[in-house]
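Below is one structure, written out as structure tokens; comments come after it.
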């Protein structure tokens, strides 16, 4: 059966028992833990919508390997149209969840490893691509969710992997066996790691001679011995436990649910190794993954922005100011910024091109532009939403006070909305905006497998200043 | 004894028993409640620094009434220099607390009521100013902290106070007695309300004929019968309880600690009433208070920005990137924005002028400019700090995981900083930035007794476009 | 012969004798007038590049009417690919000219009238589309340049066309004859009007019942009796006459060369009338034209930005600062902004869709986004370029001083560049940047057949706030 | 007689015969040359307003040397109030001229040399300060206009003055004589140089051992043999000659009128030398001058902004859109930006402090902030004004066409304004905005004796990051 439902996905998670720690405790029942469940619910939407007639075209695809209908998150892009459809799928999913559904990291990892393993084989005569195809068939057949594990902890950022005092600051081989390798290190900021079936590891930076042990890519099941997960704190994470209403977006949570994934001497069998020492392919793999991941943001953040805009417009109505010129102007600005993000993601997709492996990749420059704009605009969208919502969002009483026998009536009376809507509606909408805007901005610096500065360096590198200079010299009539 | 210490202030709070509710419970011991105590600690600094030789010049003043040395927060400004000193005091206090010490609201309320009550008396032959002087002497002699209560809940924002379906949406007189008045309504976003000695009420907007019942100003002790406090939620407020380290700024908390203050048929004795029906003075009182309050932001947010800048610079060092050009550029930008805010607060102070009462007020236009810039720049400062801190801040494990017997060593190993500093230091600094930047932006929409849009309307009103048009007509040689 | 060369284009202009006035004089020899020739040179590139092997694929197309190879500027878009190719062609042309080549206005007019005339015929049984096809064949066969004339002078902007005290403020029919119509009015900001072969008129705004006389579209040869052209002043226009070097971009000039085109009782023969009274199609025609025209900006301004970036990078080299971090950062920012513009134009094209006539139109929302971003970013690109160039650009002596027998050696000595390049090179590059950046920003408010505010209104109208509100209500768990 | 009138100033210029070149010609009659006269008119306002009862308090002062009433532009600041008054004077003058009146450069130079010469004497026992006092008395007694000449041509910016292949790229001593020195080099961007009485030279950068010949400051009359002036081109400078109306601000011109001032072996008598080899005082002198000059911008550009705002508001009225929300919002934004600039200049003044010489200097950090904000905001103010004015400004016909016997009536008819104002008024106002906004932005990169980047470096240097770090360490509870 190629495509799971959300419920089947959740059931399948119960069979995995990865060791997950949070707030000083080991979580025994991941699926029902209130700090984790919202993120699982969001990921489950990627399964359910593949069966929904309204979204099936976006969220499913036909496997180029088997011809079967598969979930698009397990698909290898076969055309620019596939790339564009990905962006539209992400926007639709974000509109539904207002959150991160975490599944694009593995999706992008698979596409990046697919193309890179082919290129390594072409040069070195290795068998990585064939191995990866087997893994891919397994993923497609069982509709698995994968975590794309790239970002190492990096230690001293002024030193390359091979120069670190602690070699484990970058994931690396500590033992080579006949039937596989043993690896140690940790991957940080791993979105969706605790509710994925598979972990796909990749290098995080360019590597050189002598750093062969760091040039590794592989996939292991999420409960492989030696893997340990430490689930990070989020803004207002306690509210997921304290009160559904105060949480703002109780069903899907805010952002992605990130974990530190420790590889404490993890054994990887030979058939699951997709790169092993070919350091010159580390950077190409990083770049392919990064570009595919940066492509996403105009889709997924565009969809979140749609929810923020809708919430701000609703709250403006509740508060009786929806016709005011400045309110309309701010909503316009938010729409403008969201659609600009979307344009960048669409453009880097429609301008995509085939890789040697036959899969399609995005326009790398334009994908960088997409990500860099998100870094800026999402703050501005959040600022405008908070400005429109006004101060009540920052000082609102808790749900428990709303329902309190003594002071509940005060809360109901004094937080009631203008347009006849009850205080509870106004508070719910305020909490939703709070949830959407306080987390999103903070977490943005983590997303995208690279800092804004790294994107800037890439933007300049790809800009081809030399050809631009020639244009200017010609017009200024200077013989260059 | 004119000036309390911080400890004496805290002791004095224990004698008050205002009914305060938070998270569905009535707080019995306010002073020791972990959700409240950090805000009390911050306010206590306004007391302690008046005794500190390094700060005494800034934080104390000489009473123009008694000639005694008093805490500056109980002072009536006697000169432009007093206004400038206020700004410098606020910056120094914010640098010490990284938070809001809540005492300027009452400070500004006292200065605004001082000047306005004088003007009412001049016109109407009333005795408000004399009553206020008595109140002021009491405050100065006992070094009391006052809450300046202005913002009503407002109900339908398209209707004026007298037109509201629910008349209680604006605080108003429900009964006039010989010896005083009985009032009903609620004031929202009341910074420092639960740890103040006195509540000073003021109208929140311009009023007209028929709205005499809303044109009231008075002061009552914070535990006057009929007052009920509902303490609002803040970003990450649970962390004040969960973990000192995760709270980021454990001693002083984030932002101010706001409450909804309900006036449920509160009796105000005659001698504590400073305005009662003179509706034409409602707007002048609002404007005086607003201008004095907007003056503050370049001081207090400037000081918070200094801490943010220091924290970002420290974290950059820990992460080994403090010499990178883009890091230095972002720090420069943060400094630039912080000093711009400071300039606006200084300028509206040094350009201040005396009121008819003899007290000094700020330049209203420039004070509006100050506040309007804060609304923008504090977001940008927060964005830059989060960008510099990087993603680890968004996904960092909890303190409990750092200290956990099984996974603690992973956290220590993989979050350690480059420059030899332990993981704990890096995490503490990250949590401090998180605390300083996630709350400050949200709460900014509430501060300042008016939305950015209200400031814009005032800016245009004060801009004297007509005289500017004449300048242009003359230069363009058009006879106007 | 379907495709002219640039030289043939210029020759063909000599046969036309439109009455053109500039600086108080009637221009007798348009083609050789120094104020006009640079704009003709720029337009000539649209002819020459169609024959250039490197650009032929972009700048030519196959006519869907005749199957002949035609200049793309006379083509009707047959696919999303055609729309994308248009954007790439514009960028390439702007890179070559650093200026406006003026031919897209007529190009967009033809595509808009093509689709609209079809729709009118469908509803009213008229014959406009057939007439337009004849006109189009004529244009394609003779490779004509058309001016798309939309913007009326508008008189009192608070009144609709039919309410104007002076009815001529919007172009309208003053007489209907058997064989045609007589029209009066004026079109303003007409880019390329004085060097076009044909003028295609369109309404400029939505029209209603009673405004039938304003609902007109037609094409007339540029030297039709009654047409009068008054060529507008540009920034530094005198330099085109004074000194090639001081002009900055002597061959192609700056911006487009706009004229006020007066229609003083112009007779339009029946077969050249494409709309005549069907007021309900006025707005659709405006919208189609506007969308197609807004699509352009990421292409044409992207290309101009490429030249600006190249010039700024070259000048930084001359001045010995090209490795400085802040210089690289500013260049990166300029690239980032230029590529963002490009993304928007690509996205609105690749997301295009067919019209009922079979021609393809762009995504209107995303085209608006494209234009709105240009309005902002082009200023920022100009600001950064001027910042990088530094003050010498603002105070540089004239070319005549550089070549003066007495002071020329001072200029050569003291304006020489660091890297061994002579003063003349540095001055030429400075003049180029001056030319590219002082004109572009000013003229931007005119381009695009609509003010930024009009775009904002359209952005909000197209944003579908209702569906966004539903997303928020669902996540906040409020039954709407 | 201590204070000249404007007319007397102009007469006094006629007696000087500096060799000035412009557009390849030597100007014989400077005062009546149409390219120069507007700048002279602007400078004349600094003389006339000292006699105008409305402005006399601002524009005159009492000499601390003689007790005489003198023009403030020749005054040495004796208090923070003097510094604040300077800013207000500049704003008032800019409001009157809409342009640069050029006299603050010499004003700032005198204050900087006054303080520095005192400090050199204190250390080296030299007699510079006494000499300077004599010069100052001469300037005050004759109410002279001085040009402050700082910016050298700099050659290769990667090399210090002493390392230049061409030693003349920095002004330096070429011969020492008993009675004086002979200097060679050139100062660039010299505002007001061609209509000043005296040239005050200063070094442009920090100097070290071996660079004694560059460590010079002195004053010479503007027609001293060896001085040659090459007057630079400005945006639309030809319009000063072509048409008063097209010039926009015909009486006062745009920006300052800058020249390259060549010192071709100029002899400076001993008594006019104020620094001669004391290289360690080069940077302090630069910094003092720069801070005083950066102080100005919120005053002078604030005043220009007032005119721009007035012109934009007037034009909005002419065009019938002055009540539109977006128009009011943009005017508000322009006011906001202008007042922010003003705040920074006021704050750096009111926070000024005395120098060892007894004169007062500004707060250097805040003065840098002031300048840095101008660099940004003046672009934004210009952008908003151009946006409000709309496209007609970019394509408007010339005045000659307005008055042309054949086409004049077309221009009058089709450019007429909505509100009954004739086309000429609308065109005049458009030309004024064009003049105010196209030049101001470009020239801004030159003003201020330093690039934005130099300001950024100074901002960070002065920011005292170490003390800010300590604040953060304390709050994060880390023992530093």
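Residue numbers (the working numbering), protein chains in the order written: chain A, 1 to 480; chain B, 481 to 960; chain C, 961 to 1440; chain D, 1441 to 1920. Even for Gly, the Cβ is constructed at its ideal location relative to N, Cα and C.
Contacts of residue 1285 of chain C in chain F (Cβ-Cβ under 9 Å) | The question asks about chain F, but that chain is absent: this structure's protein chains are A, B, C and D.
Indicate whether residue 901 of chain C and residue 1759 of chain D have their beta-carbon atoms separated by less than 8 Å.
-> Any answer about residue 901 of chain C is impossible in this case: the structure gives chain C only from 961 up to 1440.
If we cut at 8 Å on Cβ distances, does residue 398 of chain A have a partner in chain B?
-> Residue 398 of chain A counts as touching chain B.
Could you tell me which residues DSSP pairs with residue 1162 of chain C in its beta bridges?
-> Residue 1162 of chain C is not bridged by DSSP to any residue.
Proximity of residue 1810 of chain D and residue 1734 of chain D at Cβ, strictly below 8 Å = Yes, the pair counts as a contact, with Cβ atoms nearer than the cut-off.
Given 8 Å, three or more beta-carbon pairs between the segment 19 to 39 of chain A and the segment 190 to 202 of chain A = Segments in contact, yes.
Would you check if there are 3 or more beta carbon pairs closer than 8 Å linking the segment 597 to 615 of chain B to the segment 823 to 842 of chain B?
-> Yes, since at least three Cβ pairs between the segment 597 to 615 of chain B and the segment 823 to 842 of chain B fall closer than 8 Å, the two stretches touch.
Which of the three DSSP states, helix, strand or coil, is assigned to residue 1479 of chain D?
-> Of the three classes helix, strand and coil, the one that applies to residue 1479 of chain D here is helix, per DSSP.
Simplified DSSP state of residue 1875 of chain D, which is helix, strand or coil = Helix at residue 1875 of chain D.
Residue 52 of chain A versus residue 1424 of chain C: straight-line alpha-carbon distance, rounded | Roughly 23 Å separates the two Cα atoms.
Cutoff 8 Å: residue 319 of chain A Cβ touching any chain B Cβ = Yes, contact with chain B.
Cα-Cα separation between residue 1685 of chain D and residue 1178 of chain C, rounded to whole angstroms | Those two C-alpha atoms are separated by around 37 Å.
With DSSP as the reference, please indicate the residues paired to residue 551 of chain B in a beta bridge.
-> According to DSSP, which records beta bridges pairwise, residue 551 of chain B is partnered with B:540.
Pull up the DSSP beta-bridge partners for residue 219 of chain A, would you.
-> Looking at the DSSP assignment, residue 219 of chain A forms a beta bridge with A:200.
Residue 496 of chain B versus B:701, B:660, B:862, residue with shortest Cα-Cα distance | For the residues B:701, B:660, B:862, the minimum Cα distance to residue 496 of chain B belongs to B:701.
Take residue 1217 of chain C and list the residues in its own chain whose beta-carbon comes closer than 6 Å to its own, dropping the five residues that flank it on each side.
-> Beyond the five residues adjoining it in sequence on each side, residue 1217 of chain C comes within less than 6 Å, by CB distance, of 999 in the same chain, given in chain order.
Determine the contact status of residue 1397 of chain C and residue 1269 of chain C, defining contact as a CB-CB distance below 8 Å.
-> No; because the gap between Cβ atoms is not below 8 Å, this pair is not in contact.
Between the C-alpha atoms of residue 1215 of chain C and residue 327 of chain A, what's the straight-line distance to the nearest angstrom?
-> Their Cα atoms are separated by approximately 36 Å.
Residue-chain proximity (residue 507 of chain B, chain A), Cβ-Cβ < 8 Å | No, no contact with chain A.
Please classify residue 369 of chain A: does DSSP put it in a helix, a strand, or coil?
-> In this structure, DSSP gives residue 369 of chain A a helical state, which the three-state scheme calls helix.
Using a Cβ-Cβ cut-off of less than 9 Å, list which residues of the segment 1622 to 1634 of chain D approach chain C; keep chain order.
-> For the segment 1622 to 1634 of chain D, the set of residues with a beta-carbon nearer than 9 Å to any beta-carbon of chain C comprises 1625, 1626, 1628, 1629, 1630, 1631, in chain order.
Who are the Cβ neighbours of residue 608 of chain B in its own chain at under 7 Å, not counting the five residues just before and after it?
-> Excluding residues within five positions, the ones whose Cβ falls inside 7 Å are 597, 600, 601, 754, 755.
According to the neighbour-count rule (16 or more other Cβ atoms, all chains shown, within 10 Å of its Cβ), is residue 656 of chain B buried or exposed?
-> Exposed is the call here.
Between C:989, C:986, C:1327, C:1065, which lies nearest to residue 1161 of chain C when the distance is taken from Cα to Cα?
-> For the residues C:989, C:986, C:1327, C:1065, the minimum Cα distance to residue 1161 of chain C belongs to C:1065.
Validate contact between the segment 363 to 381 of chain A and the segment 1295 to 1307 of chain C using beta carbons, cut 8 Å, 3 pairs | Enough Cβ pairs lie closer than 8 Å, so yes.
Burial state of residue 1068 of chain C (16 or more Cβ within 10 Å) = Looking at its Cβ environment, which holds 16 or more other Cβ atoms inside 10 Å, residue 1068 of chain C is buried.
Leaving out five residues on either side along the sequence, give the residues of the same chain with a beta carbon under 7 Å from the beta carbon of residue 1872 of chain D.
-> Cβ within range, chain order: 1688, 1689, 1751.
With residue 1391 of chain D and residue 661 of chain B assumed to form a contact (beta carbons below 8 Å), what rounded beta-carbon distance in angstroms separates them?
-> Shown here, chain D extends from 1441 to 1920; a query on residue 1391 of chain D therefore has no answer.
Under 6 Å Cβ to Cβ from residue 305 of chain A, same chain only, skipping five residues before and after it: list those, please.
-> Excluding sequence neighbours, residue 305 of chain A sits near 338, 381.
Under 9 Å from the C-beta of residue 1310 of chain C: neighbouring residues of chain A | Within chain A, the residues near residue 1310 of chain C are 80, 84, 346, 347, 349, 350, 351.
Determine the contact status of residue 1731 of chain D and residue 1831 of chain D, defining contact as a CB-CB distance below 8 Å.
-> It is not a contact, given that the beta carbons lie outside the stated cut-off.
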